[in-house]
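Student: Everything in the sequence shown is counted per the numbering used here, starting at 4 for the first residue and increasing by one.
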Amino acid sequence: MPPPKPLPLWRRPFGVALLALLLLLPSAPFGVPGGVGGAGALAWLDGRLPYGGFWTMYAPGHFGLLAGLFALFGRATLVGTVAALLLLAGACGVLTRLLLRLRVAPSLAAAAALLFAASQWRLAATLTSWHPALLLLAVAFERLLAALQDGRARDGWLAGLCFGAAAWSKHDVAAYGCAAALLGTLLCAGGAAARATALRVASGAALVAGAGVAAVASMGGSAAWEALVRFPLTEFALSRPERYPTLLAALDAARGPQQQLEAIGRWLTHHAPLWIAIAALLVAWIERRRLAAAQRAALLAAAAAAFAFFAAAHVQINTHLATLTALSLTLLAAAGSAARRAGGAARGGLALFALAYVAALAIEPARAAVRALDLARHGAWVDAPGATLLRAPARDAAALSALARRIDELAAPGEPLFIGLHRHDVLLTSAPWLHLLLQRPQATRYAELHPAIADRAAAQQEIVADLDHVRVVVLWHVGWPAERFAELRERRAALLPGSGATLLDERLARDFAPAGRYGEYEVRVRR
Numbered sequence: 004m005p006p007p008k009p010l011p012l013w014r015r016p017f018g019v020a021l022l023a024l025l026l027l028l029p030s031a032p033f034g035v036p037g038g039v040g041g042a043g044a045l046a047w048l049d050g051r052l053p054y055g056g057f058w059t060m061y062a063p064g065h066f067g068l069l070a071g072l073f074a075l076f077g078r079a080t081l082v083g084t085v086a087a088l089l090l091l092a093g094a095c096g097v098l099t100r101l102l103l104r105l106r107v108a109p110s111l112a113a114a115a116a117l118l119f120a121a122s123q124w125r126l127a128a129t130l131t132s133w134h135p136a137l138l139l140l141a142v143a144f145e146r147l148l149a150a151l152q153d154g155r156a157r158d159g160w161l162a163g164l165c166f167g168a169a170a171w172s173k174h175d176v177a178a179y180g181c182a183a184a185l186l187g188t189l190l191c192a193g194g195a196a197a198r199a200t201a202l203r204v205a206s207g208a209a210l211v212a213g214a215g216v217a218a219v220a221s222m223g224g225s226a227a228w229e230a231l232v233r234f235p236l237t238e239f240a241l242s243r244p245e246r247y248p249t250l251l252a253a254l255d256a257a258r259g260p261q262q263q264l265e266a267i268g269r270w271l272t273h274h275a276p277l278w279i280a281i282a283a284l285l286v287a288w289i290e291r292r293r294l295a296a297a298q299r300a301a302l303l304a305a306a307a308a309a310f311a312f313f314a315a316a317h318v319q320i321n322t323h324l325a326t327l328t329a330l331s332l333t334l335l336a337a338a339g340s341a342a343r344r345a346g347g348a349a350r351g352g353l354a355l356f357a358l359a360y361v362a363a364l365a366i367e368p369a370r371a372a373v374r375a376l377d378l379a380r381h382g383a384w385v386d387a388p389g390a391t392l393l394r395a396p397a398r399d400a401a402a403l404s405a406l407a408r409r410i411d412e413l414a415a416p417g418e419p420l421f422i423g424l425h426r427h428d429v430l431l432t433s434a435p436w437l438h439l440l441l442q443r444p445q446a447t448r449y450a451e452l453h454p455a456i457a458d459r460a461a462a463q464q465e466i467v468a469d470l471d472h473v474r475v476v477v478l479w480h481v482g483w484p485a486e487r488f489a490e491l492r493e494r495r496a497a498l499l500p501g502s503g504a505t506l507l508d509e510r511l512a513r514d515f516a517p518a519g520r521y522g523e524y525e526v527r528v529r530r
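Structure representation (structure tokens):
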């Protein structure tokens, strides 16, 4: 019997990763990357570690990774963008390998992974906490499946080590993923070998995650506990509530058929992962006698993880939706492959649902592609110290370039800045990414001005004390009407007693005079 022909490159994990990277790279130059990663990495390089040195509610992993990349390749926006795309492409390759282990046809496995890459096509990509966590979780699940199929102890240990390493960037996501993996292993794999694998996974995860806990404690002590545990479990959901879109409300707000279709797509994107997880469990139950124990364990683990991520995403949508999308496409491909013996009506229904879900996932990438084409034709390059191959709308590029020149005129090289908002009693978001773009250290440990933190008197007193050593500040004017701010301030005062402090705004008005306005950004200098 002749040996099987090798798979073509585009259906192998490495080839899929390469194709995913080629698909994602064209987005790299477009849009101004936001987020807190760049500011945190710069602070780290300046000797200010997370929690004690700068406030953050994120685990330290992606700050340290980005700091290392800045040290190697330079402190530029493009470094974080390319790193994010490389990690995404790597995750696509590992997802392909995982699906091949689940006995999914190579073409379907490659298509599912590349669909995930396409679903994440966005402008202004940059390295965030979920990029390394997603790759590590994909490797962890793939190695767990390898351990259950091949019985090698090292694969179980490696799966656990990857779960623990993921906790360094996303501690909640890693905990949910590891718990789901152990549940699937113990309930579906069975026997002493599966219990031994589960023990290795748990031990490896505890070892690496425990080292992370020790590192975090040494960095910030009680400040780390407050930022990573107490605040996310208490005031966070009240300070910046995020809600899954309801279909009726979205359709009511839509104007015209196109917006209605887009509203349906966004609703489906957020809610379909739960239905897909349930469908995968049903398929695993129906096909339980045909599926190997390792396959049943993997399907249960992925579905359980999807349930956990879906629940967590009701508190913070943006950081879980990508993980849910990866899980959903993996489960769809695996369930579709497992259900190939089902009747034609069942297969047709599953195919129609998959097409609807993929169409919903295409909405945001399509919007991004249209914006990228517009920026390629009508945008301009940003001329700022930290900007490398950064193309933005012409007006924004001109404003940021002029802002960078003005800062260089007013502040000595390396002089720290305070980057805030036009008001700090009602915080929405802030612009810590300007520290990277302008190549300026942060003057206070509150680079990210988070609601329920920097709008309280205690934090503002710290910032005011730091302002005594600052000559130049940059204030971002958020274009909301005063009535909207008043409404939000009143609501937060009821939910979060102690928020709404005005000390910082009063001191900025007293001690700093306007020195130029550049688009949305105002420069002030000490009087």
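Glycine included, every Cβ here is placed at the ideal spot set by N, Cα and C.
Alpha carbon to alpha carbon, what distance is there between residue 278 and residue 310?
Tutor: As a first step, residue 310 is located in the sequence shown; it is residue number 307 there, counting from the start. As a first step, residue 278 is located in the sequence shown; it is residue number 275 there, counting from the start. Between residue 310 and residue 278, the C-alpha separation is close to 10 Å.
Student: Which of helix, strand or coil does DSSP assign to residue 366?
Tutor: In the sequence shown, residue 366 corresponds to position 363, counting from 1. DSSP places residue 366 in helix when its eight states are reduced to three.
Student: By how many angstroms is the C-alpha of residue 288 removed from the C-alpha of residue 66?
Tutor: Walking along the sequence shown from the start, residue 66 turns up at place 63. Walking along the sequence shown from the start, residue 288 turns up at place 285. Taking the straight line joining both Cα atoms gives about 42 Å.
Student: In whole angstroms, what separates the C-alpha of residue 539 from that of residue 150?
Tutor: There is no way to answer for residue 539, as the model of the chain reaches only from 4 to 530.
Student: Hey, residue 483 and residue 524 are a contact pair by Cβ (cut 8 Å); roughly how many whole angstroms apart?
Tutor: The residue given as residue 483 occupies position 480 in the sequence shown. The residue given as residue 524 occupies position 521 in the sequence shown. Not confirmed; about 16 Å, so no contact.
Student: Along the chain, where does the beta strand (DSSP E) containing residue 171 start, and where does it finish?
Tutor: By 1-based counting over the sequence shown, the position of residue 171 is 168. From DSSP, residue 171 is part of no beta strand (DSSP E); its letter is neither H nor E.
Student: Are residue 166 and residue 211 touching if we call contact CB-CB under 9 Å?
Tutor: As a working mapping, residue 166 is identified with position 163 in the sequence shown. As a working mapping, residue 211 is identified with position 208 in the sequence shown. It is a contact, given that the beta carbons lie within the stated cut-off.
Student: Would you check if the region 51-62 and the region 398-406 touch, i.e. whether three or more CB-CB distances between them fall below 8 Å?
Tutor: No, the region 398-406 does not touch the region 51-62.
Student: Which residues share a DSSP beta bridge with residue 258?
Tutor: Mapped onto the sequence shown, residue 258 falls at position 255. According to DSSP, residue 258 bridges with nothing at all.
Student: Here's a check: name, in chain order, each residue in its chain whose Cβ is nearer than 7 Å to the Cβ of residue 158, leaving out the five neighbours to either side.
Tutor: Counting from 1 along the sequence shown, the entry for residue 158 is found at position 155. So the list reads 146, 149, 150, once near-sequence residues are dropped.
Student: Residue 527 by DSSP, collapsed to three states: which one?
Tutor: To locate residue 527, count along the sequence shown from 1; it is residue 524. Looking at residue 527 - three-state DSSP - the assignment turns out to be strand.
Student: According to DSSP, is residue 483 helix, strand or coil?
Tutor: Taking the first residue of the sequence shown as 1, we reach residue 483 at position 480. Reduced to three states, the DSSP call for residue 483 is coil.
Student: Buried or exposed for residue 238, please, with buried defined as at least 16 other CB atoms from any protein chain shown within 10 angstroms of its CB.
Tutor: Along the sequence shown, read from residue 1 onward, the residue named residue 238 stands at position 235. With 16 or more Cβ atoms within 10 Å of its Cβ, residue 238 is classed as buried.
Student: Is the beta carbon of residue 52 less than 9 Å from the beta carbon of residue 130?
Tutor: As a working note, residue 52 is residue 49 in the sequence shown. As a working note, residue 130 is residue 127 in the sequence shown. No.
Student: For residue 172, which residues in the same chain have their Cβ closer than 6 Å to its Cβ, ignoring the five residues on either side in sequence?
Tutor: Working through the sequence shown from its first residue, we reach residue 172 at position 169. The residues are 62, 64, 65, 132, 135, 136.
Student: Run the CB neighbour count on residue 354, radius 10 Å, all protein chains shown included, and call it buried at 16 or more, exposed below.
Tutor: Indexing the sequence shown from 1 puts residue 354 at position 351. Label assigned to residue 354: exposed.
Student: Helix, strand or coil, according to DSSP, for residue 35 in the structure here?
Tutor: In the sequence shown, counting from the first residue as 1, residue 35 sits at position 32. In the structure shown, residue 35 sits in coil (DSSP, three-state: anything other than H, G, I, E or B).
Student: Quick check on residue 4: buried or exposed, where buried means 16 or more other Cβ atoms within 10 Å of its Cβ?
Tutor: Taking the sequence shown and counting its residues from 1, one reaches residue 4 at position 1. Any reading at residue 4 is ruled out, since the residue's pLDDT is 48, under 50, leaving its predicted position unreliable.
Student: Measuring only the C-alpha atoms, how far is residue 410 from residue 169?
Tutor: Taking the first residue of the sequence shown as 1, we reach residue 410 at position 407. Taking the first residue of the sequence shown as 1, we reach residue 169 at position 166. Cα to Cα, residue 410 sits roughly 38 Å from residue 169.
Student: Alpha carbon to alpha carbon, what distance is there between residue 384 and residue 114?
Tutor: Walking along the sequence shown from the start, residue 114 turns up at place 111. Walking along the sequence shown from the start, residue 384 turns up at place 381. Roughly 35 Å between the two C-alpha positions.
Student: Helix, strand or coil for residue 77, going by three-state DSSP, please let me know.
Tutor: Along the sequence shown, one-based indexing puts residue 77 at 74. Here residue 77 sits in coil by DSSP.
Student: Inspect the CB distances between the region 85-98 and the region 196-211 and report whether three or more fall short of 8 Å.
Tutor: No, they do not touch.
Student: Among 283, 220, 154, which has the Cα closest to the Cα of residue 195?
Tutor: Position 192 of the sequence shown, counted from the first residue, corresponds to residue 195. If we check each option's Cα against that of residue 195, 154 comes out closest.
Student: Is DSSP giving residue 329 helix, strand or coil here?
Tutor: Indexing the sequence shown from 1 puts residue 329 at position 326. Helix at residue 329.
Student: Does residue 224 pass the burial test, meaning 16 or more other C-beta atoms within 10 Å, or should it be called exposed?
Tutor: As a position in the sequence shown, residue 224 is number 221, starting the count at 1. So residue 224 ends up on the exposed side.
Student: Do residue 432 and residue 364 have their beta-carbon atoms positioned less than 9 Å apart in this structure?
Tutor: Position 361 of the sequence shown, counting from 1, holds the residue named residue 364. Position 429 of the sequence shown, counting from 1, holds the residue named residue 432. The answer is no: Cβ separation not under 9 Å.
Student: Which class does residue 107 belong to by DSSP, given the choice of helix, strand or coil?
Tutor: Reading the sequence shown from its first residue, position 104 is the one you call residue 107. If DSSP states are grouped into helix, strand and coil, residue 107 belongs with coil.
Student: So, under 8 Å CB-CB, residue 191 and residue 296 are touching, yes? Tell me the CB distance rounded to an integer number of Å.
Tutor: Numbered from its first residue, the sequence shown carries residue 191 at position 188. Numbered from its first residue, the sequence shown carries residue 296 at position 293. At roughly 6 Å, the Cβ-Cβ gap stays under 8 Å, so residue 191 and residue 296 are in contact.
Student: So, are the CB atoms of residue 23 and residue 91 less than 9 Å apart?
Tutor: Position 20 of the sequence shown, counting from 1, holds the residue named residue 23. Position 88 of the sequence shown, counting from 1, holds the residue named residue 91. Their beta carbons are under 9 Å apart, which means residue 23 touches residue 91 by this criterion.
Student: Can you grab the Cα-Cα spacing for the pair residue 435 / residue 27, in whole Å?
Tutor: Residue mapping note: residue 435 aligns to position 432 of the sequence shown, counting from 1. Residue mapping note: residue 27 aligns to position 24 of the sequence shown, counting from 1. The alpha-carbon atoms of residue 435 and residue 27 are separated by roughly 25 Å.
Student: Comparing C-alpha positions only, which one of 492, 300, 16, 421 sits nearest to residue 526?
Tutor: Residue numbering aside, residue 526 sits at position 523 when the sequence shown is read from its first letter. When each option's Cα is compared against that of residue 526, the closest is 421.
Student: Under the assumption that residue 499 contacts residue 242 (Cβ atoms under 8 Å), give the Cβ distance between them as a whole number of angstroms.
Tutor: The sequence position of residue 499 within the sequence shown is 496, counting from 1. The sequence position of residue 242 within the sequence shown is 239, counting from 1. The pair is a contact, with the Cβ atoms about 6 Å apart (cut-off 8 Å).
Student: To the nearest angstrom, report how far apart residue 362 and residue 286 are at their CA atoms.
Tutor: Locating residue 362 in the sequence shown gives position 359, where the first residue counts as 1. Locating residue 286 in the sequence shown gives position 283, where the first residue counts as 1. Using only the alpha carbons, I get a separation of about 23 Å.
Student: Can you tell me where the beta strand (DSSP E) with residue 517 in it begins and where it stops?
Tutor: Taking the sequence shown and counting its residues from 1, the one referred to as residue 517 is at position 514. Residues 515-521.
Student: In chain order, what residues of the same chain have a beta carbon less than 7 Å from the beta carbon of residue 326, not counting five sequence neighbours either side?
Tutor: Sequence index remark: in the sequence shown, residue 326 carries index 323 (1-based). Same-chain partners within the cutoff: 133, 137, 176, 312.
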